[in-house]
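Working notes, structure below.
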Amino acid sequence: MQPGTIIRGNLIHDIRKCNYGGWAIYNDEGSSHIVVEKNVCYRTTSHAYHQHYGAENIVRNNIFACCEDGQVGLSRATGRDQLSFTLERNILLSNGQPFLWGGYWGFFHLRNYRSDLNLFWDLAGQPFTCREADAKYRTTGTFTLDQWRGFGYDTHSLIADPGCRDPLHGDFTLAPDSPALALGFEPIDLSDVGPRTPEKRDAEPGV
-1 MQPGTIIRGN LIHDIRKCNY GGWAIYNDEG SSHIVVEKNV CYRTTSHAYH
49 QHYGAENIVR NNIFACCEDG QVGLSRATGR DQLSFTLERN ILLSNGQPFL
99 WGGYWGFFHL RNYRSDLNLF WDLAGQPFTC READAKYRTT GTFTLDQWRG
149 FGYDTHSLIA DPGCRDPLHG DFTLAPDSPA LALGFEPIDL SDVGPRTPEK
199 RDAEPGV
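Quick note on numbering: our numbering labels position 60 of the sequence shown as 58, and the sequence is numbered without any gaps.
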């Protein structure tokens, strides 16, 4: 368990893999009570965010976009009596991929995952799709939006263009009238991402 851990304010993109890996943020086995917020992750080989056998993490106010295996993945979910993670107030942009992927016993229909108040949009014009697979990544189920909401997920979420300036080229600046704002999404400031200067490190020794 890692209560109090926060993963915030990161810009992660163009993560490639050979045979395994390729995620932007990966909460591995036992990761619990972690907050993942205000990150921008795009163009990865696998998922922008993946959780493997964690519990009660919160993933909120992130932009996950154009990842080859889907934007969010869940594998080896915790049991029915424990929540795996909460996904809320995120922007998920697909380019023909499934928005969410569950596999290796990470079955969404078991309802041990919470998702709502997110904004989904497919830049390729494909309909909303989520996918389940087995431990060998073979598809075992595909869900439409109606089926997904039938599980109780994303009943207040929107399927709408968030109005990003140029998402295919990594510019996710939101339009002032973006529908994501009505869901409570807060624009992400990336003006100070990257290595800190020595002067800033000295001024903020605990950061």
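All C-beta atoms, glycine included, are put in the ideal place defined by N, C-alpha and C.
From the options, pick the residue whose C-alpha is nearest to that of residue i; which is it?
{"i": "residue 70", "options": "15, 7 and 39", "result": "39"}
{"i": "residue 161", "options": "185, 145, 150 and 146", "result": "185"}
{"i": "residue 60", "options": "50, 4, 101 and 99", "result": "4"}
{"i": "residue 81", "options": "14, 170 and 56", "result": "56"}
{"i": "residue 68", "options": "87, 46 and 58", "result": "46"}
{"i": "residue 134", "options": "150, 101 and 20", "result": "101"}
{"i": "residue 30", "options": "12, 1, 114 and 7", "result": "1"}
{"i": "residue 73", "options": "200, 32 and 51", "result": "51"}
{"i": "residue 150", "options": "25, 194 and 84", "result": "84"}
{"i": "residue 89", "options": "183, 201 and 198", "result": "183"}
{"i": "residue 48", "options": "41, 33 and 21", "result": "21"}
{"i": "residue 96", "options": "110, 193 and 66", "result": "66"}
In the DSSP assignment, what residue or residues form a beta bridge with residue i?
{"i": "residue 35", "result": "6 and 58"}
{"i": "residue 149", "result": "Bridge partners of residue 149: none, in fact."}
{"i": "residue 48", "result": "24 and 71"}
{"i": "residue 40", "result": "11 and 63"}
{"i": "residue 131", "result": "101 and 137"}
{"i": "residue 84", "result": "56 and 112"}
{"i": "residue 92", "result": "120"}
{"i": "residue 169", "result": "164"}
The ligand COA and residue i: does any heavy atom of the ligand fall closer than 6 Å to the residue's C-beta?
{"i": "residue 173", "result": "Annotation note on the ligand COA: not contained in the displayed structure, which lists no ligands."}
Where does residue i land, buried or exposed, given buried means 16+ other C-beta within 10 angstroms?
{"i": "residue 191", "result": "exposed"}
{"i": "residue 127", "result": "buried"}
{"i": "residue 18", "result": "exposed"}
{"i": "residue 167", "result": "exposed"}
{"i": "residue 153", "result": "exposed"}
{"i": "residue 178", "result": "buried"}
{"i": "residue 27", "result": "exposed"}
{"i": "residue 63", "result": "buried"}
{"i": "residue 131", "result": "buried"}
Once you ignore the five residues that flank residue i on each side, which residues in its own chain have a CB closer than 6 Å to its CB?
{"i": "residue 94", "result": "122 and 124"}
{"i": "residue 36", "result": "6, 7, 59 and 186"}
{"i": "residue 120", "result": "92"}
{"i": "residue 169", "result": "163"}
{"i": "residue 146", "result": "128"}
{"i": "residue 106", "result": "100"}
{"i": "residue 143", "result": "126"}
{"i": "residue 139", "result": "130"}
Near residue i, which residues of its chain fall below 7 Å by C-beta distance, leaving aside the five closest residues on each side in sequence?
{"i": "residue 229", "result": "No answer is possible for residue 229: the residues shown for the chain start at -1 and end at 205."}
{"i": "residue 12", "result": "41"}
{"i": "residue 176", "result": "160 and 161"}
What does a CB cutoff of less than 8 Å around residue i pick up in its chain, not counting 5 residues either side in sequence?
{"i": "residue 188", "result": "7, 9 and 38"}
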